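Residue numbers (this note's numbering): 56 to 251. All residues carry an ideal CB built from backbone N, CA and C; glycine is no exception. All values derive from a computational prediction rather than experimental measurement. Written below as C-alpha cells is the structure these notes are about.
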Ligand SMILES: Cc1cc2nc3c(=O)[nH]c(=O)nc-3n(C[C@H](O)[C@H](O)[C@H](O)COP(=O)(O)O)c2cc1C
C-alpha cells in the first residue's frame, strides 16, 4: 500500500518508516556537529516512563580525537564497514529513576525500552535528514564501559553507526548482496487481538 525503497507496507503509513534502513556502505563523509545534534534532538523528545529520559548518547564524530577509540570498540566485522561512517554513537541507559515526589531513586522497569524509543527517533530523523543510522550489538561492551567511563547504574545498550549512504560497490561481494532494505514478518504474527 505505502511504498518506498521497494519496501511495501500492507497498511498506510508515513513513507519515512520504510525509508529508514541499515546500510553498511557509507561514503566516509563526516557528519557536521549541527546535523548530529538534530538527530540527538529528535531522540530527546522520545517518551519514557515518568519522563525519566534514561538515554545517554556517547559519541565520536569522524576526524576527531575520539574516533579511533569508538571504532576500536566494534568487532572486526562491524569495523570493516563502520569505518566509513560519519559518526559512531554508544547508547547507554540509566537503570534507576526518581519518580515524581519521591525522595529516592527506584529501579526503572523500562530503561532499555525507553532508550530504544530514543534510538528509533534518532534513526528516523537520520533518514529524514539524508543520513542513515545502523544499530550494532557487535561491540565490546566491557571495553565500552571502561573506556567511555560509563558509571555504575548505567547499562550499555547498543552502538550506532551514522553516515551518508554510499554505493554498495565499496563493500566486499558478500556484503553487496545483502545491501538492500529488508522485509518484515506479517503483521498478523505480531498484532494479536485479545492476547496470545
Ligand atoms: C540493537 C541492534 C543491534 C544490531 N546489531 C548489528 C550488528 O552488530 N551488525 C550489523 O551489521 N547489523 C546490526 N543490526 C542491524 C539489523 O540487522 C537490522 O536493523 C535489521 O536486519 C533490520 O534491517 P533494517 O534496519 O535495514 O530495516 C542491529 C540492529 C539493532 C537495532
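Residue i Cβ short of 8 Å to ligand 1 heavy atom set
i, result
"residue 130", "yes"
"residue 194", "yes"
"residue 189", "yes"
"residue 184", "no"
"residue 236", "yes"
"residue 106", "no"
Exposed unless 16 or more other CB atoms sit within 10 angstroms - verdict on residue i
i, result
"residue 233", "exposed"
"residue 58", "exposed"
"residue 295", "The chain is shown only over 56 to 251; residue 295 falls outside these bounds and no answer can be derived."
"residue 245", "exposed"
"residue 132", "exposed"
"residue 66", "exposed"
"residue 161", "exposed"
Residue i, DSSP secondary structure in three states
i, result
"residue 142", "strand"
"residue 183", "helix"
"residue 90", "helix"
"residue 196", "helix"
"residue 234", "coil"
"residue 251", "coil"
"residue 215", "strand"
CB contact flag (residue i, residue j, <9 Å)
i, j, result
"residue 179", "residue 81", "no"
"residue 188", "residue 217", "yes"
"residue 181", "residue 113", "no"
"residue 91", "residue 116", "yes"
"residue 86", "residue 175", "no"
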